[in-house]
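Undergrad: This note's numbering applies: residue 343 is where the sequence shown begins, and numbers increase by one.
Note that beta-carbon positions come from the ideal geometry of N, C-alpha and C, so glycine has one too.
Mind having a look at this structure? Questions to follow.
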Amino acid sequence: MNEEISNIRVRFAPSPTGPLHIGGVRTALYNFLFARKHKGTFILRIEDTDQKRFVPGAEKYILDALNWCGLTPDEGPDMGGEKGPYRQSERKEIYLSFAQQLLESEHAYYAFDTPEELDEMRNKMKASGVLSPTYNSITRSSMQNSLTLGMDEARKRIDSGDSYVIRIKMPRNQEIKFNDKIRGWVSVNTNHIDDKVIYKSDGMPTYHLANVVDDYLMEITHVIRGEEWLPSAPLHVFLYQCFGWSSKMPVFSHLPLILKPDGNGKLSKRDGDRLGFPVFPLNWRASDQNEIFSGYKEQGFYPEAFVNMLAFLGWNPGTEQEIFSLSDLISEFSLDRVGKSGSKYDYEKTKWFNQQHLRLKSDSEIFETITELDNSIVEKFSREYILQVISLVKERAIFDLDILKEGSCFLFNEINFDDSAVNKKWNPAFIPHLKSLSDKLFAINEFAEKNIERVFHDYLQQHNLGLGKIMPMLRIATTGRLAGPSMFRSLEIMGKEKMLNRITEAIDTIKNG
Numbered sequence: 343m344n345e346e347i348s349n350i351r352v353r354f355a356p357s358p359t360g361p362l363h364i365g366g367v368r369t370a371l372y373n374f375l376f377a378r379k380h381k382g383t384f385i386l387r388i389e390d391t392d393q394k395r396f397v398p399g400a401e402k403y404i405l406d407a408l409n410w411c412g413l414t415p416d417e418g419p420d421m422g423g424e425k426g427p428y429r430q431s432e433r434k435e436i437y438l439s440f441a442q443q444l445l446e447s448e449h450a451y452y453a454f455d456t457p458e459e460l461d462e463m464r465n466k467m468k469a470s471g472v473l474s475p476t477y478n479s480i481t482r483s484s485m486q487n488s489l490t491l492g493m494d495e496a497r498k499r500i501d502s503g504d505s506y507v508i509r510i511k512m513p514r515n516q517e518i519k520f521n522d523k524i525r526g527w528v529s530v531n532t533n534h535i536d537d538k539v540i541y542k543s544d545g546m547p548t549y550h551l552a553n554v555v556d557d558y559l560m561e562i563t564h565v566i567r568g569e570e571w572l573p574s575a576p577l578h579v580f581l582y583q584c585f586g587w588s589s590k591m592p593v594f595s596h597l598p599l600i601l602k603p604d605g606n607g608k609l610s611k612r613d614g615d616r617l618g619f620p621v622f623p624l625n626w627r628a629s630d631q632n633e634i635f636s637g638y639k640e641q642g643f644y645p646e647a648f649v650n651m652l653a654f655l656g657w658n659p660g661t662e663q664e665i666f667s668l669s670d671l672i673s674e675f676s677l678d679r680v681g682k683s684g685s686k687y688d689y690e691k692t693k694w695f696n697q698q699h700l701r702l703k704s705d706s707e708i709f710e711t712i713t714e715l716d717n718s719i720v721e722k723f724s725r726e727y728i729l730q731v732i733s734l735v736k737e738r739a740i741f742d743l744d745i746l747k748e749g750s751c752f753l754f755n756e757i758n759f760d761d762s763a764v765n766k767k768w769n770p771a772f773i774p775h776l777k778s779l780s781d782k783l784f785a786i787n788e789f790a791e792k793n794i795e796r797v798f799h800d801y802l803q804q805h806n807l808g809l810g811k812i813m814p815m816l817r818i819a820t821t822g823r824l825a826g827p828s829m830f831r832s833l834e835i836m837g838k839e840k841m842l843n844r845i846t847e848a849i850d851t852i853k854n855g
């Protein structure tokens, strides 16, 4: 089976145990891109077999996050599909028959061990020098299960109401091999795989059984998931073999980890808290907590920039191009260009992606966004004027909100003087020159950038003044700051009346301040 097969079906299968981490979003993204690239089907499946860890609101959060990113599933809990239901809790009756099938083929067995008996077994093994004791092909012979008790006794215990689980029966000393699309050939000896529980005492399957059964029944052709599931893959391959489904086994691709920016290890929520950046796509507030965990959406990131950034955490296009739209990513994406090594997350690079996508937006698009952020500006200024301000300052912005901040001296009547700028560059000895220069500028008939620049430089030359003596004072007086976009274009947009008023007010305010 290869990447080019027809009728490709992939699934993103999160558990509703909390908010969707950016690592999960990247997994969804790669599944989505792969499906769209090959005109396949992208499925959302909610794996909620662990009812003890279920978190109210988590499923809705997953759906909202995917929709914000533009990764809308073709099949799933809310949109339906021919292979549903798409919540594992609603598929409960399906799994028991498959567990029974494994019991009948002697690939699985009942186990009745109590927690105390399991602890005793582990303690004995540790005492004998086994560092990681497991329930396996050796230890099961001394435990309470249908292999040691016999099936008749096991059925009696089940009929009498004894608690039990169903465990997979791993064979002794066999090699399980599969070809991972990213990792290459993976081979694991069954001696290193324990007899995992595949069906729990609460009547629910564990992830391992439900995952394999659902992938088979939903006709999943490619399993694209995080590296953390790589140790489980040999068991899943073995289950396919036990069921006789080897010819229908999907192609596995285990994605590299997203690493913390500093040091080693997987990126976690704690890293975001510690270093001051979000690790969730949207704000998250658990129903039993007052704390709100910040999301990229609410911090002003564009979904297309967020997705662009995530795509590069593990994949590269093989060219120098870094800025991609979602449609571009679909065209260029390939599992062949996903690496094995983990990728360090870089928040500054994430902001850079947002800045680049902001610059790609038209001034009209940004106008619609910033007027939603502050509708008062359209009551004070014309659309044409606001568009001029956007054009001037957007190269200095990372977020839409920065347009309002960078353009505050144009969009708000009062300006705040930067004390450090005043202390550094405001020289009372040059105030007479500033007054005289402002009069010269005010006298310009056509108050345009090129004329402003000409008069300004003529004045400096006439009075033998250096640029660094008067330009900082002019900028502070008219904008309140030292840094900013072109001073001459800024003055043109501002207009001569506002320029003169601000210089007059600045001289008076700073002198009195």
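Have a look at the DSSP bridge pairing and note the partners of Trp-626.
TA: Answer by DSSP bridge pairing, in chain order: Phe-635.
Undergrad: Let me check understanding here. Comparing Cα to Cα, which of Leu-597, Asp-501, Lys-466 and Tyr-452 lies closest to Asp-678?
TA: Nearest option by C-alpha distance: Leu-597.
Undergrad: Hey, Glu-417 and Tyr-403: beta-carbon distance below 9 Å or not?
TA: Going by C-beta atoms, Glu-417 is not nearer than 9 Å to Tyr-403.
Undergrad: Starting from Val-731, follow the alpha helix (DSSP H) in both directions and report where the run begins and ends.
TA: Here the alpha helix (DSSP H) through Val-731 covers 725-735.
Undergrad: Does the Cβ of Thr-661 have 16 or more other Cβ atoms within 10 Å, making it buried, or fewer, making it exposed?
TA: Exposed, because fewer than 16 other Cβ atoms sit within 10 Å of the Cβ of Thr-661.
Undergrad: Starting from the N-terminal side, write out each stretch of the alpha helix (DSSP H) that is 4 residues or longer and does not extend beyond the region 765-799.
TA: Taking only runs of at least 4 residues, the alpha helix (DSSP H) segments lying wholly in the region 765-799 are 773-784.
Undergrad: Tell me which residues share the same chain as Met-343 and place their Cβ nearer than 6 Å to its Cβ, disregarding the 5 neighbours each side in the sequence.
TA: Its pLDDT being 41, under 50, Met-343 is placed unreliably by the model, and the measurement read from it follows with that caveat. Hits under 6 Å: Val-593.
Undergrad: What is the C-beta distance between Phe-675 and Leu-375, in whole angstroms, given that I count them as a contact (C-beta under 8 Å)?
TA: Between Leu-375 and Phe-675 the Cβ distance is about 4 Å, and since that is below 8 Å, they are a contact.
Undergrad: Can you find a heavy atom of the ligand SAM that lies under 8 Å from the Cβ of Glu-495?
TA: As presented, the structure is devoid of all ligands, the ligand SAM included, so that no description of it is given.
Undergrad: Within 9 Å of any Cβ in chain C, is that where the Cβ of Phe-784 sits?
TA: The displayed structure is made up of one protein chain only, and chain C is not part of it.
Undergrad: My understanding is that His-578 touches Val-554, with C-beta atoms under 8 Å, so please give their C-beta distance in whole angstroms.
TA: Rounded, the Cβ-Cβ distance is 5 Å, consistent with contact.
Undergrad: In whole angstroms, give me the CA-to-CA distance for Ile-786 and Asp-670.
TA: Approximately 49 Å, taken between the alpha carbons.
Undergrad: Measure the C-alpha to C-alpha separation of Glu-517 and Gln-583 and round it to an integer number of angstroms.
TA: In a straight line, the C-alpha of Glu-517 is about 13 Å away from that of Gln-583.
Undergrad: Provide the residue span of the beta strand (DSSP E) that contains Thr-383, from first to last.
TA: Start and end: 383-386.
Undergrad: To the nearest angstrom, report how far apart Ala-848 and Ala-819 are at their CA atoms.
TA: Cα to Cα, the separation comes out at about 5 Å.
Undergrad: Mapping the DSSP letters down to three states, classify Glu-448 as helix, strand or coil.
TA: Three-state DSSP puts Glu-448 in coil, outside helix and strand.
Undergrad: Anyone know if the C-beta pair for Leu-715 and Gly-412 falls short of 9 Å?
TA: For Leu-715 and Gly-412, no; Cβs fall outside 9 Å.
Undergrad: Would you call the CB atoms of Gly-826 and Glu-748 closer than 9 Å?
TA: Contact flag set, yes.
Undergrad: Hey, quick one: how far does the alpha helix (DSSP H) through Ser-488 stretch, first residue to last?
TA: 488-491 is the extent of the alpha helix (DSSP H) around Ser-488.
Undergrad: If we call anything under 9 Å between Cβ atoms a contact, is Phe-648 one with Thr-692?
TA: Result yes, Cβ atoms of Phe-648 and Thr-692 sit closer than 9 Å.
Undergrad: Run through DSSP, which three-state label would Phe-520 get?
TA: If DSSP states are grouped into helix, strand and coil, Phe-520 belongs with the strands.
Undergrad: According to DSSP, which residues form a beta bridge with Phe-531?
TA: Sequence check: residue 531 is Asn here, not Phe. DSSP lists Glu-517 as partners of Asn-531.
Undergrad: Out of curiosity, what's the CA-to-CA distance linking Asp-522 and Phe-384?
TA: If you take the alpha carbons of Asp-522 and Phe-384, they lie about 20 Å apart.
Undergrad: Can you round the beta-carbon distance between Pro-623 and Ser-636 to whole angstroms, since I take them to be within the 8 Å contact cut?
TA: Not a contact, Cβ separation roughly 11 Å.
Undergrad: Measuring alpha carbon to alpha carbon, tell me which residue in Arg-395, Gly-366 and Met-512 is nearest Leu-445.
TA: It is Met-512 whose Cα lies nearest to the Cα of Leu-445.
Undergrad: Considering only C-alpha positions, which residue in the set Asp-781, Val-797 and Gly-808 is nearest to Met-841?
TA: Residue Asp-781 is the option with its Cα nearest to Met-841.
Undergrad: Inspect the beta-carbon positions of Leu-572 and Ile-510 and report whether they are closer than 9 Å.
TA: No, the Cβ-Cβ distance between Leu-572 and Ile-510 is not below 9 Å.
Undergrad: Around the C-beta of Asp-850, are 16 or more other C-beta atoms found within 10 angstroms, so that it is buried, or is it exposed?
TA: The residue in question, Asp-850, is exposed, as its Cβ has fewer than 16 Cβ neighbours within 10 Å.
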